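Taking numbering that gives the first Met the number 0 as reference, the numbering of the sequence shown is continuous, increasing by one, and the terminal residue is 207.
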Amino acid sequence: MIWLTHKIEFPAYQFTSKEGIIALGGDLSEERLIHAYKNGIFPWFSEDDPIVWYCPFERMVLFPDEIKISKSMRRIINKKEFTITENTAFEEVIYNCKSIDRNDGFGTWITDDMEAAYINLHKKGVAKSIEIWLDNELVGGLYGLEINNIFCGESMFSKVSNASKLAFIHLASKKKYQLIDCQVHNEHLASLGAREIERDLFLKTLKG
0 MIWLTHKIEF
10 PAYQFTSKEG
20 IIALGGDLSE
30 ERLIHAYKNG
40 IFPWFSEDDP
50 IVWYCPFERM
60 VLFPDEIKIS
70 KSMRRIINKK
80 EFTITENTAF
90 EEVIYNCKSI
100 DRNDGFGTWI
110 TDDMEAAYIN
120 LHKKGVAKSI
130 EIWLDNELVG
140 GLYGLEINNI
150 FCGESMFSKV
160 SNASKLAFIH
170 LASKKKYQLI
180 DCQVHNEHLA
190 SLGAREIERD
200 LFLKTLKG
């Protein structure tokens with residue numbers, strides 16, 4: 000396994016392990032994170048572990064035109080009980096993604112350092128959030144990075160049923176991005192139309 004140095008660079012894709020790991024170590028500086036995402040690489044690790052950088056061979060993505068909206072979700076959207084905003088409460092969104100109790104195994108990997116790094120990227124205009132409100136309370140949302148013509152999704156949360164789905168559908172419905180990067184397979188996102196594609200196709204789209 001290749002360990003990163005202080006230089007802002009990553010190994011060639013051919014060095015990716017079968018688990019999708021391309022490198023270890025380094026830091027979460029603004030420069031390194033942006034360089035990583037521009038090359039289809041993202042960090043995913045636990046507190047007190049070294050930073051692990053991934054570039055999986057199969058990439059879970061959503062092409063906005065393929066979004067699946069169920070009849071029940073259309074009814075929820077049409078009721079307009081929820082208020083949807085963008086980039087108004089980024090720090091609250093990432094805090095909830097980090098701390099909320101969840102059963103899908105995602106979210107606990109957001110360390111304090113990662114939280115601080117992505118808040119910094121938000122202040123730089125790179126990291127974005129979508130917020131779902133009910134009766135003036137933040138009940139769901141998602142965040143990620145805007146890289147070229149792709150939204151690199153990082154995490155989402157719900158405090159009430161369907162709130163994260165609503166945020167995801169709103170993101171796709173904007174038709175601003177060629178695709179939404181969901182990173183790794185997730186049944187929740189698969190039910191909304193996300194699917195796996197080959198890494199080469201993902202990288203071609205990312206750099207196109």
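Ideal Cβ positions, reconstructed from N, Cα and C, are used throughout, including at glycine. What you are looking at is a predicted structure, and each value in this text was computed from that prediction instead of being measured.
| Check | Outcome |
| --- | --- |
| With 16 other Cβ atoms within 10 Å as the buried cut-off, status of Gly104 | Unreliable placement is indicated for Gly104, whose pLDDT of 45 sits below 50; the coordinate value is still reported in the next sentence. Result: exposed. |
| Cutoff 8 Å; reference Ile83; Cβ partners in own chain excluding five residues on either side | Ile129, Glu130, Ile131, Trp132, Leu165, Ala166 and His169 |
| Start and end residues, alpha helix (DSSP H) containing Thr209 | Absent from the structure is residue 209, since the part of the chain shown begins at 0 and ends at 207. |
| Reduced DSSP secondary structure (H/G/I, E/B, other) of Arg194 | strand |
| CB of Val159 within 7 Å of CB of Met59, strictly | no |
| Leu3 versus Lys17, Glu18 and Ala22, residue with shortest Cα-Cα distance | Ala22 |
| Separation of Met155 from Gly211, as counted between CA atoms | The chain is shown only over 0 to 207; residue 211 falls outside these bounds and no answer can be derived. |
| Cutoff 8 Å; reference Glu85; Cβ partners in own chain excluding five residues on either side | Lys127, Ser128, Ile129 and Glu130 |
| Rounded distance between the beta-carbons of Asp112 and Gly152, thought under 8 Å | Actually they are not in contact, since the Cβ atoms of Gly152 and Asp112 sit about 20 Å apart, beyond 8 Å. |
| Lys67 vs Gly192 beta-carbon contact at 7 Å | yes |
| For Gly104, the three-state DSSP class (helix, strand or coil) | The predicted position of Gly104 is uncertain, since its pLDDT is 45 and thus under 50; a value taken from the coordinates is nonetheless stated next. In this structure, Gly104 counts as coil in the three-state DSSP scheme. |
| Local Cβ density within 10 Å of Leu141, reported as buried at 16 or more and exposed below that | buried |
| Status (buried if at least 16 other CB within 10 Å, exposed otherwise) for Ser45 | exposed |
| 7 Å Cβ cutoff met for Cys54 and Thr110 | no |
| Whole-angstrom distance between Gly207 and Arg264, CA atom to CA atom | Outside the modelled stretch of the chain, which goes from 0 to 207, sits residue 264, for which no answer is possible. |
| Length of the line joining the Cα atoms of Leu202 and Phe56 | 11 Å |
| CB of Asn147 within 7 Å of CB of Tyr176, strictly | no |
| Beta carbon of Gly25 nearer than 7 Å to that of Arg31 | yes |
| Beta carbon of Ile75 nearer than 7 Å to that of Asn161 | yes |
| Coil, strand or helix - Ala215 by DSSP | Look at the range of the chain in this structure, 0 to 207, and you will see that residue 215 is not part of it. |
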